[in-house]
Amino acid sequence: MVDANLGRQMQGAVADPALGPVTRQVSGRAAPAAVPSGPERGQLLAAAVAELPVLDANARQVPFGALFRERRAVVVFVRHFLCYICKEYVEDLAKIPKSFLQEADVTLIVIGQSSYHHIEPFCKLTGYSHEIYVDPEREIYKKLGMKRGEEIASSGDPAQQGGTLILGPGNNIHFIHRDKNRLDHKPINSVLQLVGVQHVDFTSRPSVIHV
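Have a look at this one:
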């Protein structure tokens, strides 16, 4: 069931002017796509993708629904692992302290659409240490209605767009944003605000030492 309070918060969420360069760059001005009309439609969509498999870095197959069965999850679908904008966005996701997520009882998950072989190198490149999986056949991307292209490479379809969802616990979709283009990622702090995760400073400014 869609959380009514969360929906109201979602509509009032705005980008934070203090966000770092990457987050500002991909903020996008288009309004996020609404949760499919009514809670029943949201549950149907969640149920439609819950049994579809994702793979971890060891090629272990996990039902997508198992990732948000017990708690809320912020799930970020990236275009592909060779996308520079996606790399910078995930570098920002990597800066979210695990303690912030634990306090809010929220899981952060990245889903790619390439081979599982690319997970470990991508994590090393971005410093990302939260949960990450791949949907190599793009079945979940398709079911969720995310914009897609036709040509597929091992690193992922370069024309595939991603998106951000808040799901769980159970087959519940609270929020969905489908990226219209590579710059249309949802600002991270606005998503974190919806699930009660405290604000993260992405500026990475060097510390000032007073003498």
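Residue numbers (the working numbering): 210 to 420.
We treat Cβ as the ideally placed atom computed from N, Cα and C, and that holds for glycine.
Same chain, Cβ closer than 6 Å to residue i, five either side skipped, listed in chain order
{"i": "L317", "result": "V283, L310 and H339"}
{"i": "D410", "result": "none"}
{"i": "V271", "result": "V263"}
Under 7 Å between C-beta atoms of residue i and residue j
{"i": "F277", "j": "G377", "result": "yes"}
{"i": "M355", "j": "G372", "result": "yes"}
{"i": "C295", "j": "V285", "result": "no"}
{"i": "P306", "j": "S324", "result": "no"}
{"i": "E329", "j": "A266", "result": "yes"}
{"i": "I375", "j": "V258", "result": "no"}
{"i": "H426", "j": "F290", "result": "For residue 426 there is no data in the structure shown, the boundaries of the chain being 210 and 420."}
Candidates the options: closest to residue i by CA position
{"i": "I320", "options": "H327, K304, Y342 and P330", "result": "Y342"}
{"i": "E297", "options": "V404, S324, A255 and H394", "result": "H394"}
{"i": "L401", "options": "K304, D265, L253 and I294", "result": "K304"}
{"i": "L253", "options": "H386, S324, C295 and N381", "result": "N381"}
{"i": "R347", "options": "C292, G251 and L264", "result": "L264"}
{"i": "E260", "options": "L302, A266 and K352", "result": "K352"}
{"i": "E312", "options": "R281, K333, A275 and G251", "result": "R281"}
Where residue i sits in the DSSP three-state scheme
{"i": "H383", "result": "strand"}
{"i": "I305", "result": "coil"}
{"i": "A275", "result": "helix"}
{"i": "A282", "result": "strand"}
{"i": "V409", "result": "coil"}
{"i": "Q311", "result": "helix"}
{"i": "Y337", "result": "coil"}
{"i": "L317", "result": "strand"}
Nonlocal neighbours in the same chain, by C-beta distance under 8 Å from residue i, ignoring five residues either side
{"i": "E279", "result": "G377 and P378"}
{"i": "E300", "result": "V231, T335, G336 and Y337"}
{"i": "H408", "result": "D225, N398, L401 and Q402"}
Neighbourhood of residue i by C-beta distance below 7 Å, restricted to the same chain and skipping five residues each side
{"i": "A268", "result": "Y325"}
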